[in-house]
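Asker: Take this structure first; my questions come after.
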Amino acid sequence: MAAEPAADAGRDFIREIIQADLDAKRHATVVTRFPPEPNGYLHIGHAKSICLNFGVAQEFGGRCHLRFDDTNPVKEEQEFIDAIKADVHWLGFDWGAHLYHASDYFERLYEWAEHLIRSGKAYVDDTPVEEMRAMRGTLTEPGRNSPYRDRPVAENLDLFRRMRAGEFPNGARVLRAKIDMAAGNMNLRDPVLYRILHAAHPRTGTAWCIYPTYDFAHGQSDAIEGITHSLCTLEFEDHRPLYDWLIENLPVPAHPRQYEFARLNIEYTVLSKRFLTDLVQKGRVKGWDDPRMPTLAGMRRRGIPAAAIREFVRRVGMARANSVVELAMFEHPVREHLNKTAPRRMAVLRPLKVVIDNYPEGKVEEVELLNNPEDPAAGTRRVPFRREIYVERDDFMEDPPKKFFRLAPGREVRLRGAYYVTCREVVKNSTGEVVELRCTYDPATRGGGSPDGRKVQGTLHWVTEADSVAAEIRVYNTLFTRPDPGAGGDFFADLNPASLEVLGGCRVEPALAAAAVGETVQFERQGYFCADPDSRPERLVFNRTIGLRDSWAKAQAGPKVQAGPKKG
Ligand code: ATP
Ligand code: MG
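Okay, here's the thing in structure tokens:
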């Protein structure tokens, strides 16, 4: 289960309701469920629902079920079921023995459908789909009754049984609840309970060719499992009267209640499974776990720690009204967490060669560097130093402004943990591009301080030419160019063409050759990075998890797109 202590969770309206129910002894214990439809990967929005459902169960000493809402075999796949389980575990939660599927209840749901038919509260409708839609009316006009609405019970039972037996093609008939075609709430205008779908189901195979709708399966599954509080997002508020109607009109073993909370929305991010599926299927990203995706799999691959996601969700809280959360609010706990936990390393993203002329050829020394200044227990490491090194290309300017405290002709800087060096000569190629710097070092400054007390303003990260390892670094920016993607009508038009920038020819310190996939480190002065599953010993690959500073806020002031790595 998640690491946060219960006391930290704070009180929101849902926790107030649960507390009041327990105090009044309406329930002996709280039972919640997280009910994903296995038609895609989980995203950060689902994390909110997971943290809420598993979180309250944990805090109040109850339990939370993982239930696959697998009622639409056309879109559901085993791959998604496996991915969802892995993601819930990664996020820090466990359903224990309580793994369920709506499909476990198909037989019972079917019996309950017959129960409704027998009590005159459901009927088989032969009206073609288009016509049925037109007859539903609008928000301002009532719907019209189907000519099949008053079919006798025996005929309904016979037709429903034949639907189950596979006598009719897809779409030929549906089972509808008989409620009220003039109801103000459209969901009560004789909603569809069962449709014909000749499709194999990942779990029940070809046993069924009729499948219950979400509305018919959901509340009844809650009742079967003894769910006390069925927590869902606001778009289901209008379904609640139907949820309650079905519970009241069926011989269910319990009476769960539905409560709605606000969906999570984040700037520059789309949290719709349908659109995310589109991105994957059209090849606009490299897959569900592409680090630019807002999926938990993508975030994990990118190096975002699960604890930072839990903390983000906790800070967002449970509101009753939908809103859009600033991207900075997501990034803040990520940086906060990584600053405390990520080991520091040196990596040069755009290398510029430096030769230290007065340093003996062939000599190697080891300098000792702190693994994490925020965490003394993280210890130190030894990094080789030599005559030929690389520094960051934009840590040098030939003709710098006064406030540029890095390398420039005649200027002295500190190489992190090593020596002071002074730039003596700039070597260019035939096209005038700077290809090398010739420097001298002061042997008395070993470790990065000077006995004569002279100060240098800049400290640069570096790697040696001989010991460093080649790497590809993938720098990610927001997937969309605008905070409200799709507002202009087309999500695809708002995709950020610069969402992925691949830097080849990077050089990283030798310790990084052993970096484990998924373990995030800080590249000094650059940001947080983690080894990608594509990484190989001969060609390391790192993802940028997040920049060091709030480059997002800065980019807001300037161009619309999140900026690249920032220098300190
Ligand atoms: P879609 O994205 O296509 O609307 P969905 O995300 O609702 O689908 P489900 O698998 O039904 O897909 O979601 C499982 C649970 O997660 C539901 O209870 C749903 O309310 C919740 N959930 C989904 N998106 C969000 C979100 N953005 N914020 C909070 N909870 C969410
Ligand atoms: Mg849904």
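So the sequence shown is numbered by my numbering: it starts at 905 and just counts up by one. Cβ coordinates follow ideal geometry from the N, Cα and C atoms, glycine included. Small disclaimer: the values here were computed from a predicted structure and weren't measured.
Could you tell me how far apart the beta carbons of Arg854 and Val1367 are, in whole angstroms, since I believe they sit closer than 8 Å?
Answerer: Any question about residue 854 goes unanswered here, given that the chain covers just 905 to 1472.
Asker: When you compare only the Cα positions, how much space is there between Ala1121 and Cys1410?
Answerer: Near 53 Å, if we compare the C-alpha coordinates of Cys1410 and Ala1121.
Asker: For Ala1322, collect the residues of the same chain with a Cβ closer than 6 Å to its Cβ; drop the 5 residues on either side in sequence, then sort them by chain order.
Answerer: If we look at Ala1322 and ignore the five residues flanking it on each side, its Cβ neighbours are Val1271 and Phe1289.
Asker: Among Ile1100, Arg1099 and Phe1396, whose alpha-carbon lies nearest the alpha-carbon of Arg1188?
Answerer: That would be Phe1396, whose Cα lies nearest to the Cα of Arg1188.
Asker: Helix, strand or coil: which one does DSSP assign to Ile988?
Answerer: Here Ile988 sits in helix by DSSP.
Asker: For a test of your reading of the model: does the CB of Gly949 fall under 8 Å from any non-hydrogen atom of ligand 3? Yes or no.
Answerer: Here the bound small molecules are ligand 1 and ligand 2; ligand 3 is not part of this structure.
Asker: Roughly how many whole angstroms lie between the Cα atoms of Ala1225 and Gly1207?
Answerer: Whole-angstrom Cα-Cα distance: 31 Å.
Asker: In the structure shown, what three-state DSSP assignment does Val978 receive?
Answerer: Looking at Val978 - three-state DSSP - the assignment turns out to be coil, as it is neither helix nor strand.
Asker: Only counting runs of 4 or more residues, tell me where the alpha helix (DSSP H) segments fall wholly within the segment 1196-1278, in order along the chain.
Answerer: As far as the segment 1196-1278 is concerned, its whole alpha helix (DSSP H) runs of at least 4 residues are 1200-1206, 1210-1220 and 1231-1245.
Asker: Quick one: what does DSSP say Phe917 is sitting in, helix, strand or coil?
Answerer: Reduced to three states, the DSSP call for Phe917 is helix.
Asker: Can you tell me whether Pro1160 is buried or exposed? The criterion is at least 16 other CB atoms within 10 Å of its CB, across all chains shown.
Answerer: With 16 or more other Cβ atoms within 10 Å, it is buried.
Asker: For Asp1142, which residues from the same chain have a beta carbon less than 8 Å from its beta carbon, with the 5 sequence-adjacent residues on both sides left out?
Answerer: Here the set comprises Asn1089, Met1090 and Asn1091.
Asker: With DSSP run on the structure shown, which of helix, strand or coil describes Ile1131?
Answerer: Three-state result, Ile1131: coil.
Asker: Where do the ends of the alpha helix (DSSP H) carrying Cys1113 lie?
Answerer: Taken as a continuous stretch (DSSP letters only), Cys1113 belongs to no alpha helix (DSSP H), as it is neither H nor E.
Asker: In the DSSP assignment, find the beta strand (DSSP E) that holds Thr1424 and state where it starts and stops.
Answerer: That run of the beta strand (DSSP E) goes Thr1424 to Phe1427.
Asker: For Gln962 and Glu1035, what's the separation of their Cα atoms in angstroms?
Answerer: If I take the Cα positions, the gap works out to 48 Å.
Asker: Is any non-hydrogen atom of ligand 1 found closer than 8 Å to the C-beta of Glu1272, if you look at the structure I gave you?
Answerer: Not under cutoff, so the answer is no.
Asker: By alpha-carbon positions, which one of Asp1094, Arg1315 and Ala1370 ends up nearest to Arg1358?
Answerer: Comparing Cα positions, the closest option is Arg1315.
Asker: Nearest by alpha-carbon distance to Pro1247: which of Asn957, Arg1285 and Arg1386 is it?
Answerer: It is Arg1285.
Asker: Quick check: the Cα distance between Arg1167 and Ser1227, rounded to an integer number of angstroms?
Answerer: Near 8 Å, if we compare the C-alpha coordinates of Ser1227 and Arg1167.
Asker: I'd like the list of long-range same chain contacts for Val1220, defined as Cβ closer than 8 Å, with 5 residues on each side in sequence excluded.
Answerer: The answer, listed in chain order, is Lys952, Leu1168, Val1229 and Met1233.
Asker: State the Cα-Cα distance for the pair Tyr1324 and Leu1242, rounded to the nearest angstrom.
Answerer: So the alpha carbons of these two residues sit roughly 29 Å apart.
Asker: Under three-state DSSP, which class holds Arg1297?
Answerer: Three-state result, Arg1297: helix.
Asker: Taking Gly1123 and Ile1100 to be in contact with their CB atoms under 8 Å, please state how far apart those CB atoms are, rounded to whole angstroms.
Answerer: Not quite, the Cβ-Cβ distance comes to about 22 Å (not below 8 Å), so this is no contact.
Asker: Exposed or buried, which one is Phe917 when buried takes at least 16 other CB atoms within 10 Å?
Answerer: Per the 10 Å Cβ criterion, exposed.
Asker: Determine whether the beta carbon atoms of His1236 and Val1295 lie at a separation below 9 Å.
Answerer: No; because the gap between Cβ atoms is not below 9 Å, this pair is not in contact.
Asker: Report the residue from Arg937, Arg1310, Arg1080 and Phe1427 whose alpha carbon sits nearest the alpha carbon of Glu1129.
Answerer: Closest by alpha carbon: Arg937.
Asker: Just how far apart, CA to CA, sit Asp1394 and Tyr1163?
Answerer: Going from the Cα of Asp1394 to the Cα of Tyr1163 covers about 32 Å.
Asker: Beta carbon of Pro940: closer than 8 Å to some heavy atom of ligand 1?
Answerer: Because some heavy atom of ligand 1 lies under 8 Å away, the Cβ of Pro940 counts as near it: yes.
Asker: Return the chain-ordered list of same chain residues with a C-beta closer than 7 Å to the C-beta of Glu1265, the five sequence neighbours on each side being excluded.
Answerer: Arg1291, listed in sequence order.
Asker: Can you have a look at Ala1251 and say buried or exposed, based on whether 16 or more other CB atoms are within 10 angstroms of its CB?
Answerer: That one is buried.
Asker: May I ask whether a heavy atom of ligand 1 can be found less than 8 Å away from the beta carbon of Phe997?
Answerer: Result no, Cβ not under 8 Å from ligand 1.
Asker: What residue range is occupied by the uninterrupted beta strand (DSSP E) comprising Pro1145?
Answerer: Note, Pro1145: premise wrong, no beta strand (DSSP E); alpha helix (DSSP H) at Arg1144 to Asn1153.
Asker: Indicate the three-state DSSP secondary structure (helix, strand or coil) for Arg1103 in the structure shown.
Answerer: First, the residue type needs correcting, since residue 1103 is Ala and not Arg in the sequence shown. Ala1103 falls in the coil class under three-state DSSP.
Asker: Roughly how far, in whole angstroms, is the beta-carbon of Glu1011 from the beta-carbon of Phe1064, given that I think they are within contact range, below 8 Å?
Answerer: So it is not a contact: roughly 14 Å between Cβ atoms.
Asker: Of the choices Thr1344, Val1078 and Leu946, whose alpha-carbon is the least far from that of Arg1037?
Answerer: It is Val1078 whose Cα lies nearest to the Cα of Arg1037.
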